[in-house]
Amino acid sequence: MDPTLKAKTISMLKAELPNLTPSLRTVAKYIVDHSADFGLDPIRQTARKCGVSTYTLVRMAKVLGFTGFDELREPFRHALVFSSEMVEIPDWIEDLRDTGEAGRAQADAAANTMAVVRGSLERQSPEQMQRVVDIMLGARNVYLTAVRASYGIAYYFHYVGRMALPSLQLVPRHMGSAIDELNEASPDDVLIAITFTPYSRETIEACKFAQNRGVKLIMVTDSDVISTEFTPEEILVVSVVSTHHFGCYAGATAVMENLLALLVQVGGQDARTRIKTYEDVRLENNAYWGVRKKH
């Protein structure tokens with residue numbers, strides 16, 4: 000079997016997305032986002048996870064030119080055989096499981112976090128990360144937006160990143176909306192949007208508004224397939240799988256840390272000089288407990 004068939008199928012799904020019915024669009028998004036599960040599960044289990052009928056899955060296969068569900072699933076099953084890798088669980092995690100119910104929960108969460116970080120970092124190619132940094136450095140303004148839980152990641156990235164990249168702006172600044180702040184944005188600008196399932200309406204609306212203004216769009220999210228109403232310049236896809244009700248953002252944070260490191264590296268001496276001036280100001284104004292300014 001052609002080892003590239005899985006990637007070709009995913010590309011077909013993305014290309015067909017705007018033309019699909021809502022139910023078929025649900026199936027396409029599920030396959031793109033959960034390709035490993037799709038390669039393993041039988042048709043009834045896949046239908047249950049998608050929330051559609053088995054007939055819809057067969058119809059999806061026919062739309063893509065396959066004879067049936069099994070033929071559609073086969074490239075994903077084949078890819079699993081050649082990409083599976085045993086990840087050794089550290090002894091300290093296994094030891095946690097022996098300490099009781101709380102220890103088992105902690106062990107599961109720790110193992111999940113490590114897997115999420117590893118999976119998220121492995122997905123980012125150096126070529127794409129370089130493109131993202133180049134877009135940011137070449138923009139007049141770099142707007143950054145996120146709400147609710149995602150806002151914490153955006154706030155930290157802005158707090159550190161603006162020292163290396165003065166054009167970085169966290170929006171909305173105060174009590175307005177991101178769209179208010181984007182009112183004067185132009186094709187010379189870029190918007191970085193951070194959002195994960197379930198996607199924030201405010202963030203999606205900001206993405207649509209920005210792209211209608213010609214603003215370049217970079218997304219940090221958990222799927223290649225978000226909306227048919229806009230097309231990001233770049234998508235940094237991360238895993239947010241967790242052992243609890245809410246997403247695990249450790250992988251997203253790790254990817255943003257990598258982006259910060261690249262910004263400082265590519266920014267060169269200018270970036271390092273700006274970072275030093277921030278530190279000098281903080282020391283001069285006794286920003287840190289127990290560290291006195293030099294006289």
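Residue 147 in numbering that gives the first Met the number 0 is what sits at position 148 of the sequence shown, and the numbering runs on without skipping anything. Backbone N, C-alpha and C fix where the C-beta goes; we use that ideal spot for every residue, glycine too.
*asked:* Distance check for TYR29 and GLU84, CA to CA, integer angstroms please.
replied: Interpretation of GLU84 is limited by its pLDDT of 45, a score under 50 that renders its predicted location unreliable; the figure taken from the coordinates is listed afterwards. Roughly 23 angstroms between the two C-alpha positions.
*Host beta strand (DSSP E) of GLN295 (start-end)*: Outside the displayed range of the chain (0 to 294) lies residue 295, so it cannot be described from this structure.
*Could you tell me the distance, in whole angstroms, from the CA atom of TRP288 to the CA atom of LEU282?*
10 angstroms
*Please report the Cβ distance between PRO74 and LEU16, rounded to the nearest whole angstrom; I am assuming they are in contact, meaning their Cβ atoms lie under 8 angstroms.*
Incorrect: roughly 18 angstroms between the Cβ atoms, too far for contact.
*What number of angstroms, rounded off, separates the C-alpha of PHE156 from the C-alpha of MET11?*
34 angstroms
_Inter-stretch contact at 8 angstroms, needing at least 3 Cβ pairs: the segment 218–230 / the segment 192–200_ = yes
*7 angstroms Cβ shell around ALA110 - same chain, five flanking residues per side excluded*: ILE88 and ILE92
*Can you tell me which of GLU201, LEU190 and ILE234 puts its alpha carbon nearest to the alpha carbon of GLY213?*
LEU190
*State the Cα-Cα distance for the pair GLY160 and SER199, rounded to the nearest angstrom.*
23 angstroms
*State the CB to CB distance for the pair ARG172 and GLU180, rounded to an integer number of angstroms; the pair is presumed to be in contact (CB under 8 angstroms).*
6 angstroms
*Could you say if the segment 244–261 and the segment 106–122 meet the contact criterion of at least three C-beta pairs nearer than 8 angstroms?*
yes
*Which word fits ARG43, buried or exposed, when buried means at least 16 other C-beta atoms lie within 10 angstroms of its C-beta?*
exposed
*Starting from the N-terminal side, write out each stretch of the alpha helix (DSSP H) that is 4 residues or longer and does not extend beyond the segment 11–84.*
21–32, 34–39, 42–49, 53–62 and 68–82
*Which residue comes first and which comes last in the alpha helix (DSSP H) that contains VAL237?*
Per DSSP, VAL237 belongs to no alpha helix (DSSP H) and is neither H nor E.
_One question on the structure: do ARG273 and ALA163 come within less than 9 angstroms of each other, judged by their Cβ atoms?_
yes
*Using the rule of at least 16 other Cβ atoms within 10 Å of the residue's Cβ for burial, across every protein chain shown, is TYR158 buried or exposed?*
exposed
*Just curious, the alpha helix (DSSP H) that LEU95 is in, first and last residue?*
90–96
_Outcome for ASP188 when other beta-carbon atoms lying within 10 angstroms are tallied against a minimum of 16_ = buried
*Helix, strand or coil at LEU143 [DSSP, three-state]*: strand
*In whole angstroms, what is the alpha-carbon distance linking ALA205 and GLY67?*
39 angstroms
*asked:* Given this structure, state the Cα-to-Cα distance separating SER82 from ARG24, to the nearest angstrom.
replied: A caution first: SER82 carries a pLDDT of 45, below 50, which makes its placement in the model too unreliable to give a value.
_Integer Cβ distance of GLU232 from LYS215, believed to fall under 8 angstroms_ = 5 angstroms
*What are the boundary residues of the alpha helix (DSSP H) that includes VAL263?*
249–283
_Just to confirm my understanding: we take ARG96, look at its own chain, exclude 5 residues before and 5 after, and list those with CB closer than 7 angstroms. What are they?_
GLY102, ARG103 and ALA106
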